[in-house]
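> My questions all concern the structure below.
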Amino acid sequence: MTVGRSELRRDAPDKVTGAARYPADGFPAGALVARLVFSDQPHARVVALDIERARTSPGVVAVFTSADVPVNEYGLTLFDQPVFVGLEHTGRSPIPCDVSRWEADNIAFVVAESIEAADRAVALIDVEWEPLPVVADIDAALAGSTLIHPENGRDSNVYHSYKVCKGDIEAGWAAADVVIEGTYEFPYQEHAYLQPEAAVSYVDDAGRVTVEVAGQWTHEDQEQIAHALDLPRDDVRVIYPAIGGAFGGREDTTLQIVMALASWRLAARGERRPVTCRWSREESIVGHHKRHRGRVVARLGATHDGTITAVEADGWLDAGGYNYTTNKVLGNLHLGVAGCYEVPNARIDSHAVYTNAAIGGAFRGFGGPQAAFVAESQMTKLALALGLDPVELRRRNVLRDGSIGITQAVMPDGCTLPEVIEACVERAGLDEPLGDAPAFSPVASLAPAEEAVRRGRGFACAFKNVGFSFGFPERCEAEIHLHGDDDDEIARVELFHGGADVGQGAHQVFVQMAAEAVGVPVERVHGQFSDTATSGDSGSASASRLTWMAGNSILGAAEEAEKRWRDGDRPAVGRFRYTPPPTEEMDPETGACVPNFSYGYVAQAVEISVDVETGHVVVDRVTSAHDVGRAINPALVIGQIEGAVVQAHGYALSEDLQVRDGRILNPRLSTYLIPGIGDIPRRIEAVVLELADPLGPWGARGMAEMPFITYAPAVVAAVHDATGVWFDEFPLTPSRVLAGLRAAR
Amino acid sequence: MIPAAFDYVRAGSAEEAVELIGQHGEEAKFLAGGHSLLPLMRLRLAQPSVLVDIGRISDLSYIRDAGDHVAIGALTRHSEIEHSDVLAQHVPLLAHAASQVGDPQVRHRGTIGGSLAHADPASDLPATTLALGATYVAQGPGGTREIAAADFFESFLMSTLAADELLTEIRVPKMDGAGWSFQKFNRRAQDWAIVGVAAWRRNGAAGVGLVNMASTPVLATSVASALAGGASIADAAEQAAAEADPTADLNASVEYRIHLAKVLTRRALEAASA
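As given, the protein sequences belong to chains A and B, one line each in that order. Each step along the first sequence adds one to the number in this note's numbering, with nothing skipped, and position 609 is 662. Each step along the second sequence adds one to the number in this note's numbering, with nothing skipped, and position 78 is 108.
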């Protein structure tokens, strides 16, 4: 058995020794160097753009602008962003390109012989702006008269909404003995992956415009490039070398289109040197999207015995200047905001709002963490109002096999949330009194101040879809070649797969699954990955879907290859496109639909200490329980759990992206504080259940986002347990906690 | 994040260093451990045209028992101060404060002289040596002079050191069994202090230095006076910000810094009195 073993990752030695090649490590000698120029204007109209001085500056090869893009538009699910803001255009996109709606809108791509020459040219670009009112946040977007995308024909900056109407909401409130109300605000989060954006582009020997870059879905990058350049898809090639983290932050493109544009245009001039570009950390933080900030106003009603009778919620996500994946993230928030519970009566309205602030988009959890913060805070408040144990309240309402979800669909078989909750309770010792604190010091350099320390613990649970939701086309392709030896045994297995290894170890898992599917030792499997020239469309490394979807595609390809092997083909080639059970778009009035085909489940308990004189919160212990269905590589599963908890720790406690009038004020890691080794929870205990998903490969479920989702509400509940004060807004920075404690006194 | 171009020269002795800095004029800077200067250069907040590297002047790295004080060579690294037996015995507050500077890599490169001459109010050692009543020795073209720590820090990143003077030695009075405490509050482990407090106490006397509470390190004399006048620790600590003038930044407001200074001063004095 290869599946179920913690095999050493094949990429581990190279990554540990530094030999692995990330996009910026592959820069060929003699390559051209490029700079992408941001508008630096959250909202302004271009009056004049003159690149002549830049174009004729020494060492400059070319300067590309809106005039050079055949179809000057971009968007993963909705074209609403010009590739370049500028004055000249082909007229083939309906998106007005003369307005910058985001500080990182592109105005030019400078290609030069050296970085010095490129820098000089950037300074020589003459652009004149007419300032437009900056719509700084959701409140301004809803209240003001400034429309950011008037071309969409709406009279509001709200551009995408969902509804849920389930049961009889008035009857639900009439039956409620207790009603909990709250307004919750959740913050941005920066992905802060190790590797800032970088890419190499060229025209390959087959004449394909090629971009080597770090992304999450080669074929979607290819599609977006082909659309903007108006090329057949097969004339565009996208390759992912080693990827230094993604977390959703590479779901949308950054350098892909402009790099392809440059190499394509230069090749037409006979200039075939590769083009390279590398962002600084500041460019990375300003230039890619963030986890959405937003607000939810929620009501939750229940009877004295803790039976939920009604949920209402109104939610808003700050999309920033462009949609990116906001409409999809909004769907996930919408689905999760009522929690993982049986809710007979519900009304939910969720809205995506354009502003000129930082762009919101995909980030591990994809709306789930925001939803869980609301739903789980509401549940713990309800439990306390009813005098019930917070876990017991959840037991009485939690989704289980046969439950009807908020969109009126039956949960997929294998809804194991009750088991996950009990596993967490048992490991965390939630039925026992909270133990004594370790000698507490809020930070290493502070001496213990026991009299100022309060301890508490909190609990939260959630579900999260595995795979694309709400009718989005879902599929995954794999190709397997079986090569025989002299004895006609299978000596070598080649696996071709597009799925992106963003650092999570996907390729290792693919190889293990291919070995298992074919029935050979893992050493005989050789993978070729993430190149549109050699691999089929895998869908993205997102939605906790890749193990699940790739596994099913590999099983299908292996079966096909074995059939051909039996038919005598050498090599025997199996190609397979796996398609999961269909999902559906929400009904526009009721939200009714089959939203998803599979879920992962999580329950978390945290123990924290608060220094009530400084407001500093330390997390002493985390118990994170998951049903992963089947751990294909258990070490990688535990790595995902620990990594997600650490990332969520920053989200809940320290990361505080400050955006004022559309500009990020702290685009560096010295002022945007991701946790270090001295800040993370002292103990992270992963509890891994393997209760098979009936549709999962070897029973596996997706799990990569789930450990993130419940952490903030669990910490907030623990701080309440310690201090008696609720925080409906985070991150729980020391100054916010102190202010909250003082306000409550 | 790439420094502007500069020239580089290396000095073999303190005398040569002073001579070289004199030759190159106002645009030259001494380079010791580089852990304060190089970040400024990367951000282009400093753009010296010449760096005079003093990092290999071996005779400026020492820790000596000098009777009533401990003499520390300016090029002594934080890690050497952290692990010094002489300091552990006679000035444990300084040894401990040095152990809280940055992370191990920083402490193995950064020097006490560099940290003091850089005069960053957010650094740990300026406020600590100020609280301890240290004296700094500077060497210039005309010879050496002593500067009391209390007279050294002029404004943000500015000291009374002349452009052609090199800090050569730090003289720290022995603590003679005084109680002490160093309280550093940061939002991220191994990061700069949001607020820090270095305090010692012996009989009626006390010294309290504040990190990151003004444009210079701050000597909280009102706290010491209140204690000398018989005030309780809690009451004295309320005076912690009397000499301070903190600014707000992305990580803390003025009010939060003042609050922290009082809380940490109280804790430091309680620990120093225990």
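Note that CB positions come from ideal geometry on N, CA and C, so glycine has one too. Since this is a predicted model, take the numbers as computed values, not measurements.
#1: So, A189/A versus D714/A, is the Cβ gap smaller than 8 Å?
#2: If the cut-off is 9 Å on Cβ atoms, which residues from the segment 592 to 606 of chain A count as contacting chain B, listed in chain order?
#3: For L61/B, which of helix, strand or coil comes out of DSSP?
#4: If you compare alpha carbons, which of F183/B, S185/B and E195/B is closest to T174/B?
#5: Roughly how many angstroms separate the alpha carbons of L160/B and L61/B, rounded to a whole number?
#6: Just grab the DSSP bridge partners of D103/A for me.
#7: For Q135/B and chain A, any beta-carbon pair shorter than 8 Å?
#8: Using a Cβ-Cβ cutoff of less than 6 Å, which residues in the same chain neighbour A118/B once the five nearest sequence positions on both sides are dropped?
#9: For S337/A, would you say it is in contact with chain B, using Cβ-to-Cβ distances shorter than 8 Å as the test?
#10: What residues in the segment 710 to 722 of chain A have a beta carbon less than 8 Å from any beta carbon of chain B?
#11: At 4 residues or longer, and completely inside the segment 624 to 702 of chain A: list those alpha helix (DSSP H) runs for me, N to C.
#12: What ranges does the alpha helix (DSSP H) occupy inside the segment 76 to 162 of chain A, keeping only unbroken runs of at least 4 residues that lie completely in it?
#13: Please list, in chain order, the residues of the segment 180 to 211 of chain B that have any C-beta partner in chain A closer than 7 Å.
#14: DSSP on G621/A, reduced to helix/strand/coil?
#15: Looking only at its chain, what residues have a beta carbon closer than 8 Å to the beta carbon of A391/A, apart from the 5 residues adjacent to it on each side?
#16: Look at the alpha carbon of W182/A and the alpha carbon of I104/A, and state the distance between them as a whole number of angstroms.
#17: Verify the CB distance criterion: does A219/B have a CB-CB separation below 8 Å to chain A?
#18: Do the segment 609 to 616 of chain A and the segment 290 to 308 of chain A meet, that is, are 3 or more Cβ pairs less than 8 Å apart?
#19: So the candidates are P149/A, P123/A, R630/A and Q275/A; which of them puts its Cα closest to the Cα of A97/A?
#20: Of all the alpha helix (DSSP H) runs that stay within the bounds of the segment 275 to 342 of chain A, which reach a length of 4 or more residues?
#21: At a CB-CB cut-off below 7 Å, which residues of chain B make contact with D257/A?
#22: Pull up the distance between the alpha-carbon of W125/A and that of G384/A, whole angstroms please.
#23: Output yes or no for whether 8 Å exceeds the beta carbon distance between C514/A and R449/A.
#24: How is G55/B classed by DSSP in three states: helix, strand or coil?
#25: Does the CB of Y286/B have a neighbour CB from chain A at under 8 Å?
#26: Measuring only between beta-carbons, confirm whether D93/A sits less than 8 Å from chain B.
#27: Can you list, in chain order, the residues of its chain whose CB lies under 7 Å from that of L75/B, leaving out five sequence neighbours each side?
#28: By a C-beta neighbour count over all protein chains shown, 10 Å radius and 16 as the cutoff for buried, is A497/A buried or exposed?
#29: Taking C-beta pairs closer than 7 Å, name the residues in chain A that L290/B reaches, listed in chain order.
#30: If the cut-off is 9 Å on Cβ atoms, which residues from the segment 614 to 646 of chain A count as contacting chain B, listed in chain order?
#31: For A179/B versus A228/B, is the C-beta distance shorter than 8 Å?
#32: Residues of chain A with a CB under 9 Å from the CB of A272/B: which are they?
#33: Since G233/B is in the alpha helix (DSSP H), which residue starts that stretch and which ends it?
#34: Can you look up S129/B in the DSSP assignment and give me helix, strand or coil?
#35: Should L794/A be flagged as near chain C, meaning a C-beta pair shorter than 8 Å?
#36: Kindly say whether P787/A, judged by its beta-carbon, lies nearer than 8 Å to any beta-carbon of chain B.
To lay it out plainly:
#1: Working through the first sequence from its first residue, we reach residue 189/A at position 136. Working through the first sequence from its first residue, we reach residue 714/A at position 661. Yes, these two residues count as a Cβ contact at 8 Å.
#2: none
#3: Along the second sequence, read from residue 1 onward, the residue named residue 61/B stands at position 31. Residue state, collapsed to three classes: strand.
#4: As a working note, residue 174/B is residue 144 in the second sequence. The residue with the shortest Cα to Cα distance from T174/B is E195/B.
#5: As a position in the second sequence, residue 160/B is number 130, starting the count at 1. As a position in the second sequence, residue 61/B is number 31, starting the count at 1. The alpha-carbon atoms of L160/B and L61/B are separated by roughly 23 Å.
#6: What you label residue 103/A is simply residue 50 of the first sequence in a count that begins at 1. Answer by DSSP bridge pairing, in chain order: D179/A.
#7: Translated into the one-based positions of the second sequence, residue 135/B becomes position 105. Q135/B does not count as touching chain A.
#8: Position 88 of the second sequence, counted from the start, is the residue given in the question as residue 118/B. Around A118/B: A125.
#9: Translated into positions along the first sequence, residue 337/A becomes position 284. Chain B contact via Cβ: absent.
#10: Q711, L718 and N719
#11: 687 to 702
#12: 105 to 108
#13: S211
#14: Sequence index remark: in the first sequence, residue 621/A carries index 568 (1-based). In this structure, G621/A counts as coil in the three-state DSSP scheme.
#15: As a position in the first sequence, residue 391/A is number 338, starting the count at 1. Closer than 8 Å at Cβ, skipping near neighbours: V217, V364, A366, A399, I401, A428 and I459.
#16: By one-based count along the first sequence, residue 182/A stands at place 129. By one-based count along the first sequence, residue 104/A stands at place 51. So the alpha carbons of these two residues sit roughly 15 Å apart.
#17: Looking up residue 219/B in the second sequence gives position 189. Yes, contact with chain A.
#18: no
#19: Against the first sequence, residue 97/A aligns to sequence position 44. The candidate whose alpha carbon is nearest that of A97/A is P149/A.
#20: 309 to 321 and 334 to 340
#21: Against the first sequence, residue 257/A aligns to sequence position 204. Neighbours of D257/A on chain B: none; closest Cβ ~32 Å, over 7 Å.
#22: The residue labelled residue 125/A in the question sits at position 72 within the first sequence. The residue labelled residue 384/A in the question sits at position 331 within the first sequence. The sequence given here places Asn at residue 125/A; Trp does not occur at that position. Each residue's Cα considered, the two are about 28 Å apart.
#23: The residue you call residue 514/A lines up with position 461 of the first sequence. The residue you call residue 449/A lines up with position 396 of the first sequence. The answer is no: Cβ separation not under 8 Å.
#24: Within the second sequence, the letter at position 25 stands for residue 55/B. It is helical.
#25: Counting from one through the second sequence, the residue named residue 286/B turns up at place 256. True, the Cβ-Cβ gap to chain A drops below 8 Å.
#26: Here residue 93/A corresponds to residue number 40 of the first sequence, with the count starting at 1. No, D93/A lies away from the interface with chain B (no Cβ there is under 8 Å from its Cβ).
#27: Taking the second sequence and counting its residues from 1, the one referred to as residue 75/B is at position 45. Here the set comprises nothing.
#28: Within the first sequence, residue 497/A is the residue found at index 444, counting from 1. Model confidence at A497/A stands at a pLDDT of 49, short of 50, so the residue's coordinates are unreliable; what they give is reported in the following sentence. Result: exposed.
#29: By 1-based counting over the second sequence, the position of residue 290/B is 260. What L290/B touches in chain A: T667.
#30: none
#31: Looking up residue 179/B in the second sequence gives position 149. Looking up residue 228/B in the second sequence gives position 198. It is not a contact, given that the beta carbons lie outside the stated cut-off.
#32: Sequence index remark: in the second sequence, residue 272/B carries index 242 (1-based). Residues of chain A passing the Cβ test: none, with the nearest at roughly 20 Å.
#33: Taking the first residue of the second sequence as 1, we reach residue 233/B at position 203. Correcting the residue type first, residue 233/B is Asn in the shown sequence and not Gly. Careful: N233/B lies outside any alpha helix (DSSP H) and carries neither H nor E.
#34: Here residue 129/B refers to the residue found at position 99 of the second sequence. Helix.
#35: Annotation note: the requested chain C is absent from the structure, which comprises protein chains A and B.
#36: Mapped onto the first sequence, residue 787/A falls at position 734. Yes, P787/A counts as interfacial toward chain B.
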